[in-house]
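Sequences listed follow chains A and B, in order.
Residue 20 is where the first sequence starts when you use this note's numbering, and the numbers rise one by one after that.
Residue 15 is where the second sequence starts when you use this note's numbering, and the numbers rise one by one after that.
Ideal placement from N, C-alpha and C gives every residue a C-beta, glycine not left out.
Notes for the one structure printed next.
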Amino acid sequence: NAGVTQTPKFQVLKTGQSMTLQCAQDMNHNSMYWYRQDPGMGLRLIYYSASEGTTDKGEVPNGYNVSRLNKREFSLRLESAAPSQTSVYFCASSVGTSVIHEQYFGPGTRLTVT
Amino acid sequence: AQKITQTQPGMFVQEKEAVTLDCTYDTSDPSYGLFWYKQPSSGEMIFLIYQGSYDQQNATEGRYSLNFQKARKSANLVISASQLGDSAMYFCAMRENAEGGYSTLTFGKGTMLLVSP
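Laid out in structure tokens, this is it:
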């Protein structure tokens, strides 16, 4: 049971380049999330998918798009990377979106945009 | 207003002592969940403990306990008998209901705990 996996672990992009961060979970969870973590800011929600076929914006969605490919996979795309998107990106999943459901996190992707 | 406030940027404790990490929250929703996560230097986020707003008793998980004071809107994490491996960043987080019946997780800025021998 791998839990939540993310690829790649590290990435360096030039301003204007695009890339997709991949996330997969094998816990049969319905809900998945993308966060970014910046120094001194804690984690902030970018997008989430409450269930397969739905996606919604979080706190900081600008500059990102997401795709819930199937129940297991949830990808995050940067169409035109900017230095402000330098951050650590975490994917997470949970059974559902009830207030009682804890989220399980992947190992993170460290992205640098130059 | 911040939803989750962690007022201690850093805490120091000696091995085998107990330590309390503070967390206060702000919500008008009667139904919410409070969570603590640990982030060691390796970077992963590890779920530690959960407390529901309707739970009558404080949550405990091994050496971790959550001191839940609903009227004060505080959810402090208590780590008993600290170990060197407890050195990490600790995040308090809250889930509350939003429009559409969904809920999302809001994090505090974290507290860095250092355990010394």
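Residues near VAL129/B in its chain [Cβ-Cβ closer than 7 angstroms; skip 5 each side] | Here the set comprises VAL27, GLU29, SER96, GLN97, LEU98, ASP100, SER101.
Quick one: does LEU64/A have its CB under 8 angstroms from some CB of chain B? Between LEU64/A and chain B, the shortest Cβ-Cβ separation is below 8 angstroms.
| said: Is the separation between the beta-carbon of SER67/B and that of SER45/B shorter than 8 angstroms? | reply: In this structure, SER45/B lies closer than 8 angstroms to SER67/B by Cβ.
Checklist entry - Among TRP50/B, SER55/B, ASN90/B, which has the Cα closest to the Cα of PHE61/B? => result TRP50/B is the residue among TRP50/B, SER55/B, ASN90/B whose C-alpha sits nearest the C-alpha of PHE61/B.
#### Entry: Given GLY72/A as reference, the closest of MET51/A, VAL79/A, GLY22/A, TYR83/A once Cα atoms are compared
Closest option to GLY72/A, Cα to Cα, is MET51/A.
| request: Can you grab the Cα-Cα spacing for the pair TYR123/A / SER112/A, in whole Å? | output: Using only the alpha carbons, I get a separation of about 5 angstroms.
*So which residues on chain A does TYR64/B lean against when the C-beta distance must stay under 8 angstroms?*
Result: ILE119, GLU121.
Chain-ordered neighbours of PHE93/A on chain B, where CB pairs are closer than 7 angstroms: Those within 7 angstroms of PHE93/A in chain B number zero; the least Cβ separation is about 14 angstroms.
Can you have a look at PRO29/A and say buried or exposed, based on whether 16 or more other CB atoms are within 10 angstroms of its CB? Correcting the residue identity first, residue 29/A is Phe in this sequence and not Pro. Here PHE29/A is exposed. Its C-beta has fewer than 16 other C-beta atoms within 10 Å.
Cβ shell of SER79/A (< 8 angstroms), same chain only, five flanking positions each side left out = Note that residue 79/A is Val in the sequence shown, not Ser. These residues qualify, in order along the chain: ARG55, ARG63, LEU64, ILE65.
*Going straight from the alpha carbon of ALA107/B to that of GLY82/A, what length do you get?*
Roughly 25 angstroms between the two C-alpha positions.
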